[in-house]
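Residue numbers (the numbering used here): 102 to 387.
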């Protein structure tokens with residue numbers, strides 16, 4: 102049984118001391134053997150384990166919050182939710198806040214997304230007219246600024262560029278045309294789902310972060326699985342209803358470029374093959 106340790110939780114915890122990484126590794130091994138090692142908090146599935154600071158070099162005494170099993174997680178799963186020092190300690194500054202984004206890099210990212218999407222859109226227009234017809238019009242700068250205020254996070258330039266082209270797709274036949282038959286969410290759906298997950302996980306328990314912007318769902322009507330853009334790193338992650346996450350693409354540009362490549366020159370060795378059914382783009386496992 103593997104113990105989940107989200108990258109953002111690990112990064113924040115390592116600011117407490119250089120020895121925290123190793124201490125958490127040891128604790129994860131102990132939780133694999135005995136997930137009931139910690140003390141129940143009184144909330145369903147929630148526990149707290151104590152790490153003795155004297156056992157590890159450059160590691161303060163820590164309280165580690167984690168979830169085990171239903172209802173928070175699937176049966177047998179363990180997930181680290183947060184790490185706190187028992188006594189206040191001086192922490193290193195967060196790397197992602199070291200400086201403002203470089204406008205030149207943001208401009209390059211926007212151009213790359215636009216170029217990749219135009220390749221996808223050209224293919225849809227020529228080969229999958231039903232999917233092409235599901236595309237909504239582009240969003241205005243005012244609409245995107247409003248979405249940024251609703252989300253409470255700076256929207257990365259590549260996602261802004263995509264929304265300027267199309268604010269999402271209509272819920273209609275052929276709309277789930279992204280790889281894995283995913284559907285590009287509308288801006289309104291993005292805001293609604295972002296707020297929903299924030300209410301479910303409280304933006305502080307390690308299961309969801311306000312910087313994670315959902316962009317697509319797997320299927321036309323399901324919100325339990327999909328992809329989100331990490332506004333802090335630019336990476337595209339997958340998520341599911343059990344709070345499992347992993348990096349799928351290093352950027353939104355990478356996702357769209359790989360999709361365009363697969364459409365223009367399908368590879369037999371690729372994970373999925375594009376096809377057209379009744380005018381709609383669909384993806385099938387190789």
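Glycine residues also receive a C-beta, built at the ideal position from the N, C-alpha and C atoms. A quick note: this is a predicted structure, and the numbers were derived from the prediction, not measured.
8 Å CB neighbourhood of residue i in its chain, flanking five on each side removed
i: residue 268; result: 237, 238, 239, 240, 244, 287, 288
i: residue 254; result: 311, 312, 314, 332
Beta-carbon contacts of residue i that lie in its chain and below 6 Å, excluding the five residues immediately before and after
i: residue 122; result: 115
i: residue 256; result: 249
i: residue 361; result: 217, 220, 221
i: residue 178; result: none
i: residue 226; result: 233
i: residue 199; result: For residue 199, the pLDDT reaches just 39, beneath the cut-off of 50, and the residue's location in the model is therefore unreliable, leaving the point undetermined.
i: residue 195; result: Annotation note: pLDDT 44 at residue 195 (below 50); position unreliable, no value reported.
Straight-line Cα distance separating residue j from residue i
i: residue 76; j: residue 174; result: Given that the chain is displayed from residue 102 to residue 387, the structure contains no residue 76 and the question cannot be resolved.
i: residue 355; j: residue 336; result: 9 Å
i: residue 251; j: residue 155; result: 44 Å
i: residue 359; j: residue 230; result: 21 Å
i: residue 396; j: residue 188; result: Residue 396 lies beyond the stretch modelled for the chain, which goes from 102 to 387, so this question has no answer here.
i: residue 349; j: residue 182; result: 21 Å
i: residue 127; j: residue 327; result: 32 Å
i: residue 456; j: residue 379; result: As displayed, the chain neither begins before 102 nor continues past 387, which places residue 456 out of reach and without an answer.
i: residue 334; j: residue 137; result: 34 Å
i: residue 310; j: residue 262; result: 23 Å
i: residue 296; j: residue 330; result: 15 Å
i: residue 283; j: residue 339; result: 11 Å
i: residue 351; j: residue 341; result: 19 Å
Secondary structure of residue i, DSSP reduced to three states
i: residue 351; result: coil
i: residue 178; result: coil
i: residue 288; result: helix
i: residue 374; result: strand
i: residue 256; result: coil
i: residue 196; result: Summary for residue 196: the model assigns pLDDT 40, below 50, so the residue's position carries little reliability; its value from the coordinates is reported in the next sentence. Residue 196: helix per DSSP, three-state reduction.
i: residue 309; result: coil
i: residue 368; result: coil
i: residue 114; result: helix
i: residue 274; result: coil
Per DSSP, cross-strand counterpart(s) of residue i
i: residue 185; result: 164
i: residue 318; result: 284, 327
i: residue 204; result: None; residue 204 has no bridge partner.
i: residue 381; result: 378
i: residue 169; result: 179
i: residue 279; result: 283
i: residue 104; result: 179
i: residue 140; result: 149
i: residue 386; result: 373
i: residue 346; result: 340
Continuous beta strand (DSSP E) stretch holding residue i: start and end
i: residue 337; result: 337-340
i: residue 151; result: 147-152
Close Cβ partners of residue i (< 7 Å) along its chain, the five nearest in sequence each way excluded
i: residue 153; result: 162
i: residue 235; result: 270, 271, 273, 275, 276
i: residue 375; result: 363, 364, 367, 382, 384
i: residue 140; result: 148, 149
Range covered by the alpha helix (DSSP H) that runs through residue i
i: residue 268; result: Careful: residue 268 lies outside any alpha helix (DSSP H) and carries neither H nor E.
i: residue 230; result: 230-234
i: residue 237; result: Where residue 237 is concerned, there is no enclosing alpha helix (DSSP H), given that its DSSP letter is neither H nor E.
i: residue 133; result: 121-134
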